[in-house]
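Remember, this note's numbering sits 56 above the position in the sequence shown when you count from 1.
By construction, the Cβ of each residue, glycine as well, lies at the ideal position given by its N, Cα and C atoms.
These numbers were taken from a predicted model, which means no experiment stands behind them.
For reference, the structure discussed in these notes is given below.
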Amino acid sequence: MSTQVNPQVNPQVNPDTNVENQPTTQGVPQQGPDRRLIGAIALLVFGVLALLATLINSSILGMSILLAIGVLFIVWGLVARVPGLMIPGGIMTGLGVGILLSQAAFPNVSGETDGGIIVLCLGLGFLLIIPLIAIISPERHWWALIPGGILAFIGLALIVGGPALSALDVIGRFWPVIPIVAGLILIWQILRKR
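Structure below.
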């Protein structure tokens, strides 16, 4: 659906031009690259990496595709100044780094340590969301501290092993006490104000 411009309202705009094709927002030229071009470049880079991974017998290249997708989301978000792209970017970058570290850098570690590396990096990927969004937006996404902190803690416990795993087991059994206590505190505060 196209909307025609009234030349009497804005005489500088050509009335024969479709408003949707105008590179302006209320008379101010838009700055920055076209988001479709950035998306097209991201698809092109992803496709080339995926094709190379299938043609070249390289396990490292195949393992780095998730990392590459995450970095593409981050670059796309930074260039287009879209905070929402930092969320999949941070998560996939963290997971991709974890997979690369566990499989390529530390291939001979135990299963728990291997999983711990991946979970720790995934947690760090969630935590990466906070500064990435802060670069381009005044919005703060503190919610990422919750999954990021929990995953990083679990990953560290898996890597350290021994007493850390015992502590993780105890926390795993008794964590429901935390929301129970929080709910009781909230009820007490509400009833106290009445």
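Worksheet item: In the structure shown, what three-state DSSP assignment does Trp-198 receive?
Response: helix
Worksheet item: Given 8 Å as the limit, is there contact between the stretch 196 to 206 and the stretch 232 to 241, that is, 3 or more CB pairs closer than that?
Response: no
Item to complete: Look at the alpha carbon of Ile-192 and the alpha carbon of Gly-146, and state the distance between them as a whole number of angstroms.
Response: 14 Å
Worksheet item: For Phe-162, which of helix, strand or coil comes out of DSSP?
Response: coil
Item to complete: Could you check the C-alpha separation between Asp-225 and Ile-143 for me, to the nearest Å?
Response: 30 Å
Worksheet item: Just how far apart, CA to CA, sit Ser-120 and Gly-211?
Response: 20 Å
Worksheet item: Given that a residue counts as buried once 16 or more other Cβ atoms are within 10 Å of its Cβ, and exposed if not, what is Ser-166?
Response: exposed
Practice prompt. Count the other CB atoms, across all protein chains shown, that sit within 10 Å of the CB of Thr-81; report buried if there are 16 or more and exposed otherwise.
Written response: Because Thr-81 carries a pLDDT of 46, less than 50, the predicted location of this residue cannot be relied on, and no value is offered for it.
Discussion item. If the criterion is Cβ atoms closer than 9 Å, does the pair Gly-150 and Leu-184 meet it?
Written reply: yes
Fill in: Close beta carbons around Ala-220, own chain, < 6 Å, minus the five adjacent residues each side
Ala-213
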